[in-house]
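A.B. asks: Per UniProt numbering: the sequence shown = residues 1 to 937. C-beta: ideal position from N, C-alpha, C; glycine also. Let me begin by handing over the structure; questions about it come next.
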Amino acid sequence: VGMSCCYHAKDNLMCRDVCEQILSSKSDSRLKHLLQRAPEYCPESMGEVWSCINSSLPGVLKKSDGWVGLGCCELAIVVECRQACKQASSKNDILKVCRKEYENALFSCINRNEMGSVCCSYAGHHTNCREYCQAIFRTDSSPGPSQIKAVESYCASISPQLILCVNNYTQSYPMRNPTDSLYCCDRAEDYACQTACKRILMSMKTELEIVDGLIEGCKTMPLPQDPLWQCFLESSRSVHPGVTVHPPPSTGLDGAKLHCCSKANTSTCRELCTKLYSSSWGNTQSWQEFDRVCEYSPVEVSMLTCLADVREPCQLGCRNLTYCTNFNNRPTELFRSCSAQSDQGAMNDMKLWEKGSIKMPFINIPVLDIKKCQPEMWKAIACSLQIKPCHSKSRGSIICKSDCVEILKKCGDQNKFPEGHTAESICELLSPTDDFENCIPLDTYLRPSSLGNIVEEVTHPCNPNPCAASQLCEVNRKGCPSGEPCLPYFCVQGCKLGEASDFIVRQGTLIQVPSSAGDVGCFKICTCGQSGLLENCMEMHCVDLQKSCIVGGQRKSHGTSFNIDCNVCSCFAGNLICSTRQCLNEHSSEDERRMFTGLPCNCADQFVPVCGQNGRTYPSACIARCVGLQDNQFEFGSCISKDPCNPNPCTKNQRCIPKQQVCLTSFEKFGCSQHECVPRQFNCDQLRDPVCDTDNMEYNNLCTLYQKGKNVSYKGPCQPFCKSVEPVCGHNGETYSNVCAAYSDRVAVDYYGHCQAVGVVSDYSFQIECISVKCPPLPATGCKPVVPPGACCPLCAGMLRVLYDKDKLDTFAKVTNKKPITVLEILQKIRLHVSVPQCDVFGYLSIESEIVILIIPVDQNPKPLQIEACNKEAEKIESLINSDSPTLSSHVPLSALITSQVQVSFSISSSSIKAVLVLHTLLLSLILTLLAAICNT
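Here it is in structure tokens:
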């Protein structure tokens, strides 16, 4: 059978011998052994031999079922290789175009898929068995225990050969560890039960011990309707022998890319995209059709940009390139793929182009000798297409039309252009725009960066990514304990958004993914579990994204943002969401202009703080009413001045700990408690979350501090610069005992001293109250500052004003843990997306019902480059919110952020400051001369 395969190995006698033994083998165990050893004698480069062997083995998928390497094509670095892969019908076709030494990721993926094809073919027509088998081979990280268990359960009775084959691939994986169910402990409503649950799962091994321990520790029987027991029993069910295995929740092949499919403008591209990223890879035909119809279509720019964000998110900084050296030393520019592979890819592209033709998916462009004709410009093009600079607004990676026309007129072989084509018509296909916000001007990269050695002022610890494939890199903002040396980043365990996804999310977090069918507007919320898989998924109500909003007689479609007077609004699934700014317009009367305060509802400019039940301090009762609070929902005095533990709301055997928070969810439904109750007998040693008391003594956690009878000053390690007890006013209108207390709430300081004024909220209002406020000095290097809404003092920072969907936050709270969602939670999640350690994230809920996010340089006297980096981070976050990018919107609760406006404080160099001062001096002397002349007349 198929002995002719071995003829392809006629020049390698050892390989030919093994080939013949494989094809004549009657024993499965012998076959398995031979297949294991065969690569030693028949290297993978002998594609024809392997392709032939694979198609001759019993039960293997025939070509008509689609080529198994299709899903790997996006991993190709060289453009031509990627196209060849999508059009190939075997690995052989790829080997003719792609070079193995450059395309490691592509070939390791193909080899894995080919191995899967052999193993899973033993499933025959048993669909469930085949699907669970294929899931094992679709990911480049170790398959989880539940995946292996599912294959065993569904396939053991169908094909022992399949089990042997899969076991050979997965080697020996341990049974699931009880700590894989730790996330279930958070489902317990009682604090003591949560703690007992974590202790039991970390110390006990057998299910019997764990169940007994939980009954005793939580004082509850294992009722199936109890959220803790429901979660624990479901998570253990998939791993204990003798219990029915329930399949792990399907998130499609790539939940993040599936999210992008909803952004398609045409139904054809939406359906093709859904087919490619839901539960099967589609086939060669659907990939080719997607490439031809959608991949370069200008009407599909939203979907394509979203897919690019998932594959390669825009990241600040580029360095250490050896070929594309003009891209180095650019720490405040955004790139999708600043890496050694892309650097190599650009060099390979140039070598291919030197042969006289540039192959594009829909056109081949003949060129003159590019070694002699504009070689530097061609190099800039090759490097731009591989390194992919991305502006924060468009994040597209196409060169500008004028550059394209110029290079093709000079160096295109116009006599050989396809019939009917000119330089202009070809560039219309490739680069239809000259808008510098949407295209890459080559001029920038025709010369090296001007920054030289100062780039170390801005660092990028997670770019390139130093962590393993299944881990997420996070910037270390905690510093090093006790001054020991430590890394500037952490590698944290994560989960992939689907079997074949490279998009990783943090372990323990809640994730929003599209429903597996890919229906537009339908999502589920899952937890990234300890096993490295998304689990415990809960379906949400589908949202009708076809619903539009009628504004002033005009129809606004879902996702569009617009202004109504001075307010920013967005239409979200038929709901109109707007900021509540007070507006003056051209129709305002003289009286209205004279009486205008700029505050919400045109409230009087008085500072008599009240505390709302949402935990937010408002400058006056008038403003609290204006944002929708009833008189019985606020009380006079600031929130931070209230003692939530007096009178004590906890039981006798519990201790009350203040826990100030500002809630974004409806406090009527989910509360907004400003305290928590912890057991008095609680063993504090288990927690490591440092706090500092009012005597500047540090404790391991709040629990220890309260057991010692001390008062908390702020969360976090004690800082020497916070020994002073000088109060400060935060941007949220709260007076904090010191800077560190404000920072631990992620609130930045407006000015020193007690809060005494409502600051600037309008361009038209004159703030008399702020006159008595002494503002901190701006950094000596200078910047054009921003003034956060409601603040008195200017600040060097990137500022975002974000609208959010309160209904969506309420839905999240309802289907997850019934706890309120807070401003601090949003800020902490956004903080993980800021990659420059020289910038940090602060913010608050403004009196105009927007979330204000400030990205501020951490140095007291930041350098201009650091100010610029923080501006760029703010622009990056704004763009991710406004485009509903999965980079942010996969994370609960960030997917409730609807639209954002950014304002940046441009850094001014010292030479510019001198120029401004000289200009001011000249103007002043001119005014004095004019005044003198007027007085003399």
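Who are the near neighbours of S561 in its chain, counting only those whose CB is closer than 6 Å to its CB and skipping five residues on each side?
C.D. replies: Cβ neighbours of S561 beyond the five flanking positions: S570, T899.
A.B. asks: Straight-line CA distance for K63 to S89?
C.D. replies: Legend: pLDDT at K63 = 32, less than 50; position of this residue unreliable, value from coordinates given subsequently. The straight-line gap from Cα to Cα measures roughly 8 Å.
A.B. asks: Quick check: the Cα distance between I564 and I550, rounded to an integer number of angstroms?
C.D. replies: 12 Å
A.B. asks: Locate the alpha helix (DSSP H) running through H558, then write down its first and last residues.
C.D. replies: Premise fails: H558 is in no alpha helix (DSSP H) and is neither H nor E.
A.B. asks: Report yes if the C-beta distance between I381 and C324 is below 7 Å; otherwise report no.
C.D. replies: no
A.B. asks: Which partner residues does D693 have in the DSSP bridge list?
C.D. replies: V712
A.B. asks: Should F721 be labelled buried (16 or more other beta-carbon atoms within 10 Å of its own) or exposed?
C.D. replies: exposed
A.B. asks: Along the beta strand (DSSP E) that carries V897, what are the first and last residues, could you check?
C.D. replies: Residue identity differs from the one stated: residue 897 is Leu in this sequence, not Val. Counting along the chain, the beta strand (DSSP E) containing L897 begins and ends at 897-904.
A.B. asks: From the DSSP output, in three-state form, read off R593 for me.
C.D. replies: helix
A.B. asks: Expressed to the nearest angstrom, what Euclidean distance is found between the alpha-carbon atoms of H125 and L106?
C.D. replies: 29 Å
A.B. asks: Determine the DSSP secondary structure at A500, reduced to helix, strand or coil.
C.D. replies: coil
A.B. asks: Does the region 574-593 come close enough to the region 841-859 that 3 or more CB-CB pairs lie under 8 Å?
C.D. replies: yes
A.B. asks: On the DSSP bridge assignment, give the partners of F523 in chain order.
C.D. replies: P514
A.B. asks: Please confirm if the region 790-804 is in contact with the region 736-743, defined as three or more CB-CB distances below 8 Å between the two stretches.
C.D. replies: no
A.B. asks: Restricting to Cα atoms, I'd like to know which of N104, A135, K100, S762 is closest to S117.
C.D. replies: A135
A.B. asks: Would you please state the rounded distance, in angstroms, between the beta carbons of D810 and T665? I believe it to be under 8 Å.
C.D. replies: The C-beta separation of D810 from T665 comes to about 5 Å, placing the pair in contact by the 8 Å criterion.
A.B. asks: Buried or exposed for I215, please, with buried defined as at least 16 other CB atoms from any protein chain shown within 10 angstroms of its CB.
C.D. replies: exposed
A.B. asks: Name the DSSP beta bridge partners of C578, please?
C.D. replies: C569
A.B. asks: Which term fits T527, buried or exposed, when burial requires 16 or more other beta carbons within 10 angstroms of its beta carbon?
C.D. replies: buried
A.B. asks: Taking the beta strand (DSSP E) that F607 belongs to, which residues open and close that run?
C.D. replies: DSSP places F607 outside any beta strand (DSSP E), giving it a letter other than H or E.
A.B. asks: Applying the 10 Å Cβ sphere with the 16-neighbour rule, what's the burial state of D403?
C.D. replies: buried
A.B. asks: Mind checking who G730 pairs with in its DSSP beta bridge?
C.D. replies: V749
A.B. asks: What does the alpha-carbon distance come out to for the pair F572 and S357?
C.D. replies: In a straight line, the C-alpha of F572 is about 47 Å away from that of S357.
A.B. asks: State the start and end residues of the unbroken beta strand (DSSP E) segment that holds E875.
C.D. replies: Careful: E875 lies outside any beta strand (DSSP E), inside the alpha helix (DSSP H) at 864-882.
A.B. asks: Could you tell me which residues DSSP puts in a beta bridge with R801?
C.D. replies: V852, Q901
A.B. asks: Which one of C383, P466, A84 has the shortest CA to CA distance from I440?
C.D. replies: C383
A.B. asks: Measure how close the beta-carbons of L429 and M377 come, nearest whole angstrom, since I'm counting them as under 8 Å.
C.D. replies: Taking the Cβ atoms as the reference, L429 lies roughly 19 Å from M377, outside the contact range of under 8 Å.
A.B. asks: Measure the C-alpha to C-alpha separation of D689 and N320 and round it to an integer number of angstroms.
C.D. replies: 38 Å
A.B. asks: If contacts are defined as beta-carbon pairs under 8 Å, then F670 and P789 qualify, I think. What distance do you get, rounded to the angstrom?
C.D. replies: No, F670 and P789 are not in contact; Cβ-Cβ is about 26 Å, not under 8 Å.
A.B. asks: Helix or strand or just coil, what does DSSP make of T617?
C.D. replies: strand
A.B. asks: According to DSSP, which residues form a beta bridge with C677?
C.D. replies: C656
A.B. asks: What is the DSSP secondary structure of Y844, reduced to helix, strand or coil?
C.D. replies: strand
A.B. asks: Just reading off the alpha helix (DSSP H) that F417 is part of, what are its end residues?
C.D. replies: Element bounds for F417: n/a, residue is neither H nor E.
A.B. asks: Rounded to the nearest angstrom, what separates I365 and E354 at their Cα positions?
C.D. replies: 12 Å
A.B. asks: If you draw a straight line from the C-alpha of R693 to the C-alpha of Y714, how long is it?
C.D. replies: Arg is not the amino acid found at residue 693; the sequence shown has Asp there. Taken atom to atom, the span from the alpha-carbon of D693 to that of Y714 is near 7 Å.
A.B. asks: At the level of alpha carbons, what is the spacing between Y173 and I148?
C.D. replies: Confidence in Y173 is poor, its pLDDT being 38 and thus under 50, which makes the residue's placement too unreliable to answer from.
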